[in-house]
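In what follows, a single structure is set out as structure tokens and then discussed.
In my numbering, the protein residues as written are 4 to 551.
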């Protein structure tokens, strides 16, 4: 029998009205009879009838915010339209309908349930459902359909976009700190992180409502696990914002070394001045309410990374800068610093669940991860070898600072780094600010008036304070390489090497094999040891530099 599905509209009455009612309408087929539904479809409707603890617990906005900056917009959608990934994560009612638990043949919804003249009366965007002021009735309409349409190529671009970031600028510095043999750590981390990425997939498949990294933490260790995972992820985002401030200050000061400013007895040298100017320029962007357009900023990450890499090779091979240093085989004294730098390169696990649930063919996720890790590892290794071979022991924490200023390729690399990561830092500010704003608004719901004006004021104040705080932290510890090593050792190790195996063993403990248990314990041990050693070394180096 031919199975088909139709538009669904979920009608919810407020608490002070009648009991909650759920209305599900099915289109009639050409013969006038109602179409049958599959078992999987009925199962999805059962999930719609109740609020999942994964979708109602804080942070509910995680998927939406991460999707905006970790995905390449679908070519099937208009440029100014919200991507399917961001629309899907906006409410628990839509998040329970995922490709993993829906037949492959399920068509996209194309015919609206309500007539055109009736739709404006009930249809509300899920982005406007504010918890502080529930309306008398709300309709969450799936007019966009269950769109899990990311192709294999698009998913690979998403993966490369997530993995290949500012870490590529510091791989030559990592070789300087650890020596040539330290590159073994880069490849080892690539293999281990690829495996833990696969573990996240098994965790996602364990339950239809598990769709994000915080959901995985919730499924593994309850509410405590969810909060722990979320806090670690948000700490990493905040630390990355600090990194971008330091990055902008360093690169702009290399182009304008004589810039300075003296105000009221305070003297700002070039790095501090440009860090301040960057923050002031970025500050208005954190006040944005509609963040959908910002999703296209991060899509340029792949292009920017490739362009910077090409500029490095052009300077070394075409502009006759050449290879001048053989380098050190192994540097045990500073090897722990390189451990954190290499670990930072594979910080993408927070977005992998979103990429997986957005794929049209989730069975290809393993190949997507393999391609993404392979491409990024080759880029990291190539830049590390070329950069350290060119600059040797004089290699800076960002290889762009070593490029000769009089070469065209050097200017392209510097301006690409400055311009792209300036926009990306504004995206991170806005994203983290939005998350913190939602969290504070929910926790202070009884104290803060819920009218639009006051809510808007508090949102602007919190986001502005967040941006200013990253500036202060960046000015206090303006050491790009060491801060990156600290992030990679302390936070990235937790996210990539420790938490995925721990969650996997907890969620699937009755199904795992002894071999899997052994591998997971080994990976967690490696992650814990690297985290402790790398964090201690990075902190010691930072304190040493602050005291000099």
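Glycine included, C-beta positions come from ideal geometry on N, C-alpha and C. Only a predicted model underlies this, so the values are computations on that prediction, with no experimental measurement involved.
Contact belief for residue i with residue j at Cβ below 8 Å, rounded distance in angstroms
i, j, result
"residue 537", "residue 491", "7 Å"
"residue 206", "residue 506", "5 Å"
"residue 397", "residue 224", "47 Å between Cβ atoms; not a contact."
"residue 228", "residue 327", "Actually they are not in contact, since the Cβ atoms of residue 228 and residue 327 sit about 51 Å apart, beyond 8 Å."
"residue 502", "residue 526", "Contact doesn't hold; Cβ gap of about 11 Å is too wide."
"residue 248", "residue 282", "6 Å"
"residue 165", "residue 351", "4 Å"
"residue 2", "residue 231", "Given a span of 4 to 551 for the chain in the structure shown, any question on residue 2 remains unanswerable."
"residue 387", "residue 322", "Not a contact, Cβ separation roughly 20 Å."
"residue 477", "residue 278", "6 Å"
"residue 371", "residue 532", "That pair is no contact at about 30 Å."
Three-way DSSP call (helix, strand, coil) for residue i in this model
i, result
"residue 482", "coil"
"residue 325", "coil"
"residue 173", "coil"
"residue 512", "coil"
"residue 28", "Legend: pLDDT at residue 28 = 42, less than 50; position of this residue unreliable, value from coordinates given subsequently. Of the three classes helix, strand and coil, the one that applies to residue 28 here is coil, per DSSP."
"residue 405", "coil"
"residue 352", "coil"
"residue 333", "coil"
"residue 528", "helix"
"residue 259", "coil"
"residue 551", "coil"
"residue 399", "coil"
"residue 212", "coil"
"residue 545", "helix"
"residue 41", "Only weak support exists for where residue 41 lies, its pLDDT of 44 falling under 50; the coordinates are left without a value."
"residue 385", "helix"
"residue 167", "coil"
"residue 310", "helix"
"residue 417", "helix"
"residue 160", "helix"
"residue 182", "coil"
"residue 475", "helix"
"residue 344", "helix"
"residue 240", "helix"
"residue 410", "coil"
Strand pairing of residue i, partner residues [DSSP]
i, result
"residue 265", "270"
"residue 362", "153"
Cβ-based burial, residue i [other Cβ within 10 Å; buried from 16]
i, result
"residue 235", "buried"
"residue 218", "buried"
"residue 318", "buried"
"residue 200", "buried"
"residue 408", "exposed"
"residue 265", "exposed"
"residue 544", "buried"
"residue 369", "exposed"
"residue 380", "buried"
"residue 539", "exposed"
"residue 179", "buried"
"residue 547", "exposed"
"residue 402", "buried"
"residue 320", "exposed"
"residue 517", "exposed"
"residue 339", "buried"
"residue 260", "exposed"
"residue 332", "exposed"
"residue 405", "buried"
Pair within 8 Å by beta-carbon distance, residue i and residue j
i, j, result
"residue 193", "residue 349", "yes"
"residue 272", "residue 263", "yes"
"residue 343", "residue 391", "no"
"residue 185", "residue 177", "yes"
"residue 357", "residue 215", "yes"
"residue 461", "residue 174", "no"
"residue 246", "residue 487", "yes"
"residue 2", "residue 258", "Look at the range of the chain in this structure, 4 to 551, and you will see that residue 2 is not part of it."
"residue 470", "residue 286", "yes"
"residue 154", "residue 361", "no"
"residue 535", "residue 195", "no"
"residue 311", "residue 419", "yes"
"residue 334", "residue 182", "yes"
"residue 188", "residue 341", "yes"
"residue 290", "residue 465", "no"
"residue 511", "residue 256", "no"
"residue 204", "residue 345", "no"
"residue 373", "residue 197", "yes"
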